[in-house]
Amino acid sequence: MRTILLVERRHWWWLWSRCPGIGAARMGDLEALGKAHEVSLAELWTWPEERLRKVLFWPTALFKDLGLHRSKWGTCPSVDVPEDVLMPVDLLWPEGLRALKRPPLALFWQGRQELLGCLGARRAVAIVGTRRPSNHGLRVAEALGRALALAGWPVISGLAEGIDAAAHRGCLEGGGAPVGVLGTPLQKVYPRQNEGLQALVAAQGLLVTEQPRETLVKRGCFAARNRLLVALAKAVVVVECPERSGALITARRAIEQQCQLLVVPGDARRWSALGSNALLLDQASPLLSPEALVKQLGTGPLAVHSPSVAFDLSGSRSSSRAGQHGDTALLQAIGDGASLEDLMTGLNLSSARLTEQLLQLELKGVVVAEPGLHWRLA
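Quick look at the structure:
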């Protein structure tokens, strides 16, 4: 019986929330109205517009949109809710999202469903920073991602280039569970050069976004996802960022939401560390090493997996740089440089298989990814 009720609640939440102009606040209005009158969202669907107008002080234009929406679906609508959507009525909905001033209507996800439980309990660590980091910042982000993975902590980032991507590469190297919080729908990749990385994160970890498939991506979408990063994390680590950076938005959200904020001190003379260094004067704690972070957090919620490429916390590699397990043909095809399309044609391999092989080679330091889905030998 409980399962049937949950399915019905999902059905009606999804249907109401798909109406243009109805966001989280107005869904809250509907739930409050239903509670006050002891009726469900299904029953509210059948209320005449005049009755709704008397109790919901919504704009006239919204009632017009609602009328069209209800007319489209009819009085007894049959709607298939996508399997990749998580809603506030679901048992796995992260509690941290409920405390947001503007919570998402839904989360769309791809990957390992069990990781949603870690996010719901805020048993993950977010690593953020600039898209244009120093080599030191990249090495630190990779080492942090790897150390957290080996300790069993899911690693959250926004899957941007720079620090975000480095943290996830480190997590993958450590055999861990990366979690990408996207500012785009699941079906889109930004930046494009992260296509292979995003595919691996989906395969080994989890992708989540509040943006449905039909969203026209704008700059504000990326700023909005920062609040989700914080709401899903136990701690936020800022590795390196300048004075004007999206990572500072994430840091402010962490302070507002009373989430632990740690900052890796940077070169005081380097522009890319001016913003993160300034955070050390405002409610942020310094983080001096990956070992210190793991010691502070303790064991993570996931069992430690043995990585295919072994690393220690200092970043030394135990695998050979040379291509292995069938990589020779791919390395020969790359030569002085090649695009993904060239490699697909020359080797007769799928995009998914190629990008996975290329990323593994990139993690080993054998090849270098360049803008426009091009690779060259390191």
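Just so we're aligned: 258 in the UniProt record's numbering is position 258 of the sequence shown, and the numbers increase by one with no gaps anywhere.
Cβ coordinates follow ideal geometry from the N, Cα and C atoms, glycine included.
Starting from residue i, trace the alpha helix (DSSP H) both ways and give me its first and last residue.
{"i": "Ile-156", "result": "No alpha helix (DSSP H) holds Ile-156; the beta strand (DSSP E) holding it covers 155 to 157."}
{"i": "Ile-334", "result": "328 to 334"}
{"i": "Arg-102", "result": "No alpha helix (DSSP H) contains Arg-102, which DSSP labels as neither H nor E."}
{"i": "Glu-195", "result": "195 to 204"}
{"i": "Asn-366", "result": "The sequence given here places Val at residue 366; Asn does not occur at that position. Where Val-366 is concerned, there is no enclosing alpha helix (DSSP H), given that its DSSP letter is neither H nor E."}
{"i": "Gly-266", "result": "It is not in any alpha helix (DSSP H) - Gly-266 carries neither H nor E in the DSSP assignment."}
{"i": "Trp-45", "result": "41 to 45"}
{"i": "Arg-376", "result": "Arg-376 -> not in any alpha helix (DSSP H); beta strand (DSSP E) instead, spanning 374 to 377."}
{"i": "Leu-138", "result": "135 to 150"}
{"i": "Arg-51", "result": "49 to 55"}
{"i": "Val-230", "result": "219 to 231"}
{"i": "Trp-73", "result": "60 to 73"}
{"i": "Lys-35", "result": "24 to 37"}
{"i": "Cys-171", "result": "163 to 173"}
{"i": "Gly-117", "result": "115 to 120"}
{"i": "Leu-302", "result": "Counting along the chain, Leu-302 falls outside any alpha helix (DSSP H), and DSSP gives it neither H nor E."}
Report the residue from the options whose alpha carbon sits nearest the alpha carbon of residue i.
{"i": "Thr-130", "options": "Gly-162, Leu-115 and Val-368", "result": "Gly-162"}
{"i": "Ile-156", "options": "Leu-207, Glu-214, Leu-248 and Arg-102", "result": "Leu-207"}
{"i": "Ser-339", "options": "Cys-259, Glu-195, Arg-102 and Gln-204", "result": "Glu-195"}
{"i": "Ala-231", "options": "Leu-262, Gln-187, Val-201 and Val-181", "result": "Val-181"}
{"i": "Arg-244", "options": "Asp-80, Gln-193 and Leu-279", "result": "Leu-279"}
{"i": "Val-239", "options": "Ala-151, Gly-145 and Gln-357", "result": "Gly-145"}
{"i": "Glu-83", "options": "Leu-97, Trp-93, Gln-110 and Leu-105", "result": "Gln-110"}
{"i": "Asp-90", "options": "Ser-78, Val-79 and Phe-108", "result": "Phe-108"}
{"i": "Leu-92", "options": "Leu-115, Glu-210, Val-55 and Arg-9", "result": "Leu-115"}
{"i": "Ile-22", "options": "Thr-46, Lys-35, Gly-275 and Gly-67", "result": "Gly-67"}
{"i": "Val-7", "options": "Leu-377, Met-27, Leu-44 and Met-87", "result": "Met-87"}
{"i": "Leu-97", "options": "Gly-120, Arg-112, Asp-80 and Val-79", "result": "Gly-120"}
{"i": "His-37", "options": "Ala-25, Arg-26 and Leu-52", "result": "Leu-52"}
{"i": "residue 458", "options": "Glu-31, His-69, Ala-42 and Ser-78", "result": "Since the displayed the chain opens at 1 and closes at 378, residue 458 lies outside it and no answer follows."}
{"i": "His-374", "options": "Leu-349, Arg-192 and Ala-61", "result": "Arg-192"}
{"i": "Arg-252", "options": "Val-128, Asp-65 and Arg-139", "result": "Val-128"}
{"i": "Arg-213", "options": "Leu-200, Ala-106, Gln-296 and Leu-274", "result": "Ala-106"}
Roughly how many angstroms lie between the CA atoms of residue i and residue j, to the nearest whole one?
{"i": "Trp-73", "j": "Phe-57", "result": "23 Å"}
{"i": "Phe-222", "j": "Cys-76", "result": "37 Å"}
{"i": "Pro-48", "j": "Glu-95", "result": "34 Å"}
{"i": "Arg-123", "j": "Gly-117", "result": "8 Å"}
{"i": "Arg-227", "j": "Val-264", "result": "21 Å"}
{"i": "Gln-258", "j": "Met-344", "result": "48 Å"}
{"i": "Asp-29", "j": "Trp-16", "result": "12 Å"}
{"i": "Trp-13", "j": "Pro-20", "result": "14 Å"}
{"i": "His-325", "j": "Gln-260", "result": "Confidence in His-325 is poor, its pLDDT being 41 and thus under 50, which makes the residue's placement unreliable; the coordinate value appears in the next sentence. Rounded to the nearest angstrom, the two C-alpha atoms are 42 Å apart."}
{"i": "Leu-347", "j": "Ala-268", "result": "48 Å"}
{"i": "Ser-308", "j": "Ile-255", "result": "Because the pLDDT at Ser-308 is just 38, under 50, the model does not fix this residue reliably, and the value given afterwards should be weighed accordingly. Distance between the alpha carbons of Ser-308 and Ile-255: 37 Å."}
{"i": "Gly-183", "j": "Leu-100", "result": "17 Å"}
{"i": "Pro-104", "j": "Phe-63", "result": "22 Å"}
{"i": "Ala-202", "j": "Ala-165", "result": "14 Å"}
{"i": "Ala-292", "j": "Leu-361", "result": "30 Å"}
{"i": "Arg-70", "j": "Trp-45", "result": "8 Å"}
{"i": "residue 382", "j": "Gln-283", "result": "Lying outside 1 to 378, the shown extent of the chain, residue 382 is not represented and no answer is given."}
{"i": "Leu-331", "j": "Leu-274", "result": "40 Å"}
{"i": "Val-217", "j": "Arg-18", "result": "18 Å"}
Answer with buried or exposed for residue i, where buried requires no fewer than 16 other C-beta atoms within 10 angstroms of its C-beta.
{"i": "Arg-321", "result": "Legend: pLDDT at Arg-321 = 36, less than 50; position of this residue unreliable, value from coordinates given subsequently. When all chains shown are included, Arg-321 counts as exposed."}
{"i": "Pro-286", "result": "exposed"}
{"i": "Arg-219", "result": "exposed"}
{"i": "Lys-364", "result": "buried"}
{"i": "Asn-277", "result": "buried"}
{"i": "Leu-281", "result": "exposed"}
{"i": "Arg-225", "result": "buried"}
{"i": "His-168", "result": "buried"}
{"i": "Ala-126", "result": "buried"}
{"i": "Ser-318", "result": "Only weak support is given to the placement of Ser-318: the predicted model assigns it a pLDDT of 36, under 50, and the value that follows is read from those uncertain coordinates. Looking at its Cβ environment, which holds fewer than 16 other Cβ atoms inside 10 Å, Ser-318 is exposed."}
{"i": "Ala-143", "result": "buried"}
{"i": "residue 401", "result": "Because the chain here runs from 1 to 378, residue 401 falls outside it and cannot be looked at."}
How far does the beta strand (DSSP E) with residue i in it extend, from its first residue to its last?
{"i": "Pro-290", "result": "No beta strand (DSSP E) contains Pro-290, which is instead part of the alpha helix (DSSP H) from 290 to 297."}
{"i": "Ala-126", "result": "125 to 128"}
{"i": "Leu-261", "result": "260 to 263"}
{"i": "Gly-180", "result": "178 to 181"}
{"i": "Ala-235", "result": "235 to 238"}
{"i": "Arg-213", "result": "That residue, Arg-213, is in no beta strand (DSSP E); it is neither H nor E in DSSP."}
Anyone know if the C-beta pair for residue i and residue j falls short of 8 Å?
{"i": "Glu-133", "j": "Ser-272", "result": "The sequence given here places Pro at residue 133; Glu does not occur at that position. Their beta carbons are under 8 Å apart, which means Pro-133 touches Ser-272 by this criterion."}
{"i": "Pro-154", "j": "Val-189", "result": "no"}
{"i": "Ala-141", "j": "Gly-174", "result": "no"}
{"i": "Cys-241", "j": "Ala-233", "result": "no"}
{"i": "Leu-172", "j": "Thr-209", "result": "no"}
{"i": "Asp-327", "j": "Arg-376", "result": "no"}
{"i": "Val-294", "j": "Ala-147", "result": "yes"}
{"i": "Gly-205", "j": "Pro-301", "result": "no"}
{"i": "Val-236", "j": "Thr-215", "result": "no"}
{"i": "Ala-102", "j": "Ala-24", "result": "Ala is not the amino acid found at residue 102; the sequence shown has Arg there. Going by C-beta atoms, Arg-102 is nearer than 8 Å to Ala-24."}
{"i": "residue 426", "j": "His-11", "result": "Limits of the chain in this structure are 1 at one end and 378 at the other, which puts residue 426 out of reach."}
{"i": "Gln-198", "j": "Leu-159", "result": "yes"}
{"i": "Val-367", "j": "Leu-358", "result": "yes"}
Determine whether the Cβ of residue i lies closer than 8 Å to any Cβ atom of chain B.
{"i": "Lys-188", "result": "Chain labels in this structure do not include chain B; a single protein chain is all it has."}
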